[in-house]
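With this note's numbering, letter number 5 in the sequence shown gets 1, and the count goes up by one each step, no holes.
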Amino acid sequence: QVQLVESGGGLVQPGGSPRLSCAAPGNIFSFYAMAWYRQAPGKQRELVARISSGGATNYADSVKGRFTISRDNAKNTVYLQMISLKPEDTARYYCNAEYMLQSYWGQGTQVTVSS
């Protein structure tokens, strides 16, 4: 079992630029494909951004140009840098790790965009 721990959420003003972090234990972090998902109240969980073990990235259309996913394998951490936040970005953000057909989730961190 891989335990993922997210941090960095909170109340953010529109236009804000928070950074989410997700730490994963173990010495095979570099082999994981990592992703950020989000789920707003009453909506399905959706993929926000994904980064492969090789560093290839892909993004939801709604966040392209505003969010950047990155990883630091030396720190076993994946980041989601968000800029120009909008109220519609309000959601619980979940970290996901995939390896060898196994998928692991964190508990999530709430991001609320409001003035």
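We put the CB at the ideal spot given by N, CA and C, even for glycine.
- Secondary structure of ALA31 (DSSP, three-state): strand.
- Nearest to ALA19 by alpha-carbon distance, out of ARG67, SER80 and TYR33, is ARG67.
- Classified as buried, ILE47 has 16 or more neighbouring CB atoms from the shown chains inside 10 Å of its CB.
- Per DSSP, the continuous beta strand (DSSP E) segment holding ASP68 begins and ends at 63 to 68.
- Between the alpha carbons of GLY38 and SER80 lies a distance of about 24 Å.
- Around the Cβ of LEU0, a 10 Å sphere holds 16 or more other Cβ atoms; the residue is buried.
- GLU94 places its beta carbon less than 7 Å from that of ALA29.
- Assignment of SER26 by DSSP, reduced to helix, strand and coil, places it in the helix class.
- The continuous beta strand (DSSP E) containing ALA19 extends over residues 15 to 19.
- One thing to note: GLN9 has its Cβ within 7 Å of the Cβ of SER111.
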